[in-house]
């Protein structure tokens, strides 16, 4: 049976911001729809309205010409609208099956048969009796999808589903989604990744500042046209010119580094060796969870390696803590920008004061020099185009892009010789990504070095001079960026070998 | 219709108003309890909260009780702010009292200006060293500081018991479990003739001031704040986490030790089994009621001290057990934790829908 979903003149106003402004959209089963927009464009608000989490101020939703009253997520479920959120709603310590049975009215026996049938039909390989915490992100997402499928959904909404997935997992997901679509499930795919729209979806609606600015067929679109619609300005494409003026002067030498963790959920690092030259960007690719986190922490000094040596500008630093390493002009931008790189409930200037150098004098004679810190913070805000000049703002009110600019600014304003960053553009919109990439290119041009640990292969290929792949805690041989292509990377990331 | 909404931001006003609300709810509930017990509620509350401080002696008693509470709570705020759960202030107080009392007995025959400072210093060091035990065990063996610090309370109490019954008991004391009365030069001077209020209050006030400076104006205070909010960030910033655990426990223990030595050299004047009516535990309530803020703690210590006094007058005038005081302390903490809900959520009264049209 055909499913038609109609969003009619929906508006939602928050104090100081119109999240949805008279949004009207029509969806029909058999197609995959993309809802494209930057962070803050109003996609999530619309999705929350469709899934009953919030009520719109105006407008209606119709399913097959029937007016829907969605007052709670339960109403959405009862009307066969399934929803997979970006962040999983699973109990980590319960088994897969227990998680599925929590909100199911069926008895366990029936449910198990049903789930097994679903798993078989879509070729999902998940053991129902292992705890969720043993699953990869991709498998967790499959559990969420199965949870929706149990209820025979007519509509399946996916909210930025690939932000945590590897490339292989993403491909798997796309195959499944196409299959669902052929079976008559209406699929709405929310994303800010342009490529995914083109490779997966049939139609695309672009949102900007709460409004739908364009509805079109994806065959009529290309990357640049979608990007322009999404951010409303022409992007200047970054292409890093591999620096020819590399002096060859070595700045960092890591040798025979090993790390054995006591935590069974951490990855052990095995015999890490590499060197880094002045002005160079070394990319480290890999599927997430292969030791990137551990490598970052050991390079930053948050954890110490069991043995091996890290020499930075000819000084042995492997036993120093992050603060001491910063004094030697290293800088770090961790993956978790929200709760690690900054404290959300602290004000901007307090978050800036986290990097307290001997020379910065934030705490003269041990006392907090508020004026100095605030002046320093203002400089960061303006030099790194953060979208506010209020240093008293709590950092939780900054968008992801602005927060990342603040963090990079805090790390870079002292002109460090080496920046180590881990997924610096994770979850950001195109405008912010662009800005951060430009910044990274710029510091390379100034003769400073970068280690870029990232799960985004495009980013790595765009910015790196040399690339290595980390797999199960081991680094592959380091290749020059010219000889690397996505296929080669994919092979190494999956644990294969290239000559 | 009542609607509950998540707040976007917690305002400072509500942050300090919720303790007031908690106290109000405690009074209302207290009135109900008194009513159920067959007393006139308002009169009972008056006996409990007004009569005790209606004369100078009462006010002096209030300050005598508030002094140790304030001191201990100040120390605890260092621990609690940095996510270190020191529950054993009572033990650190007792141990500080033991060490200070030991020095007082040692200098029993000495008279001189140096005796009292020496005793006070010894008490602070005693409490500090005793608090370092859970800290060091936490740092090197990853033990749970809640359990260790709590269990050490009983260790120190039993040690005190042994000392006052055995080796340190008063040779002329007819086997009462207590030491000799300390020499006058080992006593904190009384501020006013006839009242018990003593110079210990200045120690408390100085530590309030110092704590405020350290917590809000120094790098150390900043590190404590950040570690309390996010250990991950503290690690990333390169703060020396282990040193800090040790340091906050030392501050906390020293404050509790000072409170202990203040009691024995102040109102008590000797060592015996009951040198503290559980000030160390009650101070936990004071610390939270004062929002871990030194100024807030000053007010909170006065309010909680009043429950001690009120319990005594209620015992006399209403013939209820003095443990009523603990009931009130418990209620304050309970309502405080409950009203913290308002920090993150707001309640909206939308009126009745049917009257809308």
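Residue numbers (the working numbering), protein chains in the order written: chain S, 57 to 555; chain B, 315 to 671.
Backbone N, C-alpha and C define an ideal beta-carbon position, used for all residues, glycine too.
Where the alpha helix (DSSP H) through residue i begins and ends
{"i": "residue 245 of chain S", "result": "Not the alpha helix (DSSP H): residue 245 of chain S falls in the beta strand (DSSP E), residues 242-247."}
{"i": "residue 403 of chain B", "result": "403-420"}
{"i": "residue 168 of chain S", "result": "164-178"}
{"i": "residue 521 of chain B", "result": "514-531"}
{"i": "residue 464 of chain S", "result": "456-468"}
{"i": "residue 203 of chain S", "result": "193-205"}
{"i": "residue 392 of chain S", "result": "Counting along the chain, residue 392 of chain S falls outside any alpha helix (DSSP H), and DSSP gives it neither H nor E."}
{"i": "residue 90 of chain S", "result": "Counting along the chain, residue 90 of chain S falls outside any alpha helix (DSSP H), though it belongs to the beta strand (DSSP E) covering 88-92."}
{"i": "residue 382 of chain S", "result": "378-383"}
{"i": "residue 478 of chain S", "result": "Note, residue 478 of chain S: premise wrong, no alpha helix (DSSP H); beta strand (DSSP E) at 474-478."}
Amino acids of chain B, ordered along the chain, whose beta-carbon sits closer than 9 angstroms to that of residue i
{"i": "residue 423 of chain S", "result": "527, 531, 532 and 533"}
{"i": "residue 379 of chain S", "result": "551, 552, 553 and 554"}
Partner residues on chain B for residue i, Cβ-Cβ distance less than 8 angstroms
{"i": "residue 330 of chain S", "result": "The premise fails here: residue 330 of chain S is roughly 23 angstroms from chain B at the closest Cβ pair, so nothing lies under 8 angstroms."}
{"i": "residue 357 of chain S", "result": "552"}
{"i": "residue 466 of chain S", "result": "Neighbours of residue 466 of chain S on chain B: none; closest Cβ ~11 angstroms, over 8 angstroms."}
{"i": "residue 382 of chain S", "result": "552"}
{"i": "residue 390 of chain S", "result": "550"}
{"i": "residue 419 of chain S", "result": "532, 533 and 536"}
Simplified DSSP assignment, three categories, for residue i
{"i": "residue 648 of chain B", "result": "helix"}
{"i": "residue 436 of chain S", "result": "helix"}
{"i": "residue 670 of chain B", "result": "Confidence is the limiting factor: at residue 670 of chain B the pLDDT is only 38, short of 50, which leaves the residue's position unreliable and the question unanswerable from this model."}
{"i": "residue 291 of chain S", "result": "For residue 291 of chain S, the pLDDT reaches just 45, beneath the cut-off of 50, and the residue's location in the model is therefore unreliable, leaving the point undetermined."}
{"i": "residue 235 of chain S", "result": "helix"}
{"i": "residue 144 of chain S", "result": "coil"}
{"i": "residue 326 of chain S", "result": "strand"}
{"i": "residue 116 of chain S", "result": "strand"}
{"i": "residue 490 of chain S", "result": "helix"}
{"i": "residue 330 of chain B", "result": "helix"}
{"i": "residue 423 of chain S", "result": "strand"}
{"i": "residue 488 of chain B", "result": "coil"}
{"i": "residue 401 of chain S", "result": "coil"}
{"i": "residue 99 of chain S", "result": "helix"}
{"i": "residue 409 of chain S", "result": "coil"}
{"i": "residue 497 of chain S", "result": "helix"}
{"i": "residue 536 of chain S", "result": "strand"}
{"i": "residue 535 of chain B", "result": "helix"}
Range covered by the beta strand (DSSP E) that runs through residue i
{"i": "residue 360 of chain S", "result": "Taken as a continuous stretch (DSSP letters only), residue 360 of chain S belongs to no beta strand (DSSP E), as it is neither H nor E."}
{"i": "residue 341 of chain S", "result": "337-341"}
{"i": "residue 320 of chain B", "result": "316-320"}
{"i": "residue 314 of chain S", "result": "306-315"}
{"i": "residue 505 of chain S", "result": "505-509"}
{"i": "residue 485 of chain S", "result": "It is not in any beta strand (DSSP E) - residue 485 of chain S carries neither H nor E in the DSSP assignment."}
{"i": "residue 214 of chain S", "result": "211-215"}
{"i": "residue 67 of chain S", "result": "60-70"}
{"i": "residue 413 of chain S", "result": "Premise fails: residue 413 of chain S is in no beta strand (DSSP E) and is neither H nor E."}
Interface residues of chain S facing residue i [CB-CB closer than 8 angstroms]
{"i": "residue 544 of chain B", "result": "395, 396 and 399"}
{"i": "residue 547 of chain B", "result": "395, 396, 397, 398, 399 and 410"}
Chain-ordered neighbours of residue i on chain S, where CB pairs are closer than 7 angstroms
{"i": "residue 536 of chain B", "result": "409 and 424"}
In DSSP terms, what residue i is bridged to
{"i": "residue 187 of chain S", "result": "S:151"}
{"i": "residue 271 of chain S", "result": "S:261"}
{"i": "residue 365 of chain S", "result": "S:311"}
{"i": "residue 331 of chain S", "result": "S:309"}
{"i": "residue 531 of chain S", "result": "S:526"}
{"i": "residue 371 of chain S", "result": "S:368"}
{"i": "residue 384 of chain B", "result": "Its beta-bridge partners do not exist; DSSP assigns none."}
Chain-ordered neighbours of residue i on chain S, where CB pairs are closer than 9 angstroms
{"i": "residue 565 of chain B", "result": "Per Cβ cutoff of 9 angstroms: no residues; residue 565 of chain B is ~15 angstroms from chain S at best."}
**Asked** Would the region 191-198 of chain S and the region 216-226 of chain S be scored as touching if the rule is three or more Cβ pairs under 8 angstroms?
**Response** At 8 angstroms Cβ cutoff, the stretches touch.
**Message:** Below 8 angstroms, how does it come out for the region 535-543 of chain S and the region 361-378 of chain S: are there three or more Cβ pairs, yes or no?
**Reply:** No, the region 535-543 of chain S is not in contact with the region 361-378 of chain S.
**Message:** I want to know whether the region 398-412 of chain B touches the region 657-664 of chain B - three or more CB-CB distances under 8 angstroms.
**Reply:** No: the two stretches stay apart, fewer than three of their Cβ pairs being nearer than 8 angstroms.
**Message:** Pairs of beta-carbons, one from the region 326-342 of chain S and one from the region 390-404 of chain S, closer than 8 angstroms: are there three or more?
**Reply:** Two segments are said to touch when three or more pairs of C-beta atoms, one from each, lie closer than 8 angstroms; by this definition the region 326-342 of chain S does not touch the region 390-404 of chain S.
**Prompt:** With a cut-off of 8 angstroms, do at least 3 Cβ pairs link the region 319-329 of chain B to the region 348-363 of chain S?
**Reply:** With a cut-off of 8 angstroms, the region 348-363 of chain S and the region 319-329 of chain B do not count as touching, because too few Cβ pairs lie within range.
**Asked** Should the region 434-448 of chain B be regarded as contacting the region 547-564 of chain B, the criterion being three or more beta carbon pairs within less than 8 angstroms?
**Response** Short answer: they touch.
**Prompt:** So does the region 420-428 of chain S actually touch the region 446-453 of chain S, counting three or more Cβ pairs closer than 8 angstroms?
**Reply:** Taking 8 angstroms as the limit for Cβ pairs, the verdict is that the region 446-453 of chain S does not touch the region 420-428 of chain S.
**Message:** When you compare the region 468-479 of chain S with the region 503-511 of chain S, are there three or more beta-carbon pairs, one atom per stretch, that lie closer than 8 angstroms?
**Reply:** Enough Cβ pairs lie closer than 8 angstroms, so yes.
**Item:** Segment contact flag, the region 383-393 of chain B with the region 514-521 of chain B, C-beta cutoff 8 angstroms, min 3 pairs
**Value:** Below 8 angstroms, enough C-beta pairs join the region 383-393 of chain B and the region 514-521 of chain B to call them touching: three or more.
**Message:** I'd like to know if the region 158-176 of chain S and the region 307-314 of chain S are in contact, where contact means that at least 3 CB-CB pairs between them fall below 8 angstroms.
**Reply:** Contact fails between the region 158-176 of chain S and the region 307-314 of chain S, because fewer than three Cβ pairs, one in each stretch, are under 8 angstroms apart.
**Item:** contact_flag[the region 543-552 of chain B, the region 370-386 of chain S] where n(CB pairs < 8 angstroms) is 3 or more
**Value:** Contact between the region 543-552 of chain B and the region 370-386 of chain S is present: three or more C-beta pairs spanning the two stretches fall below 8 angstroms.
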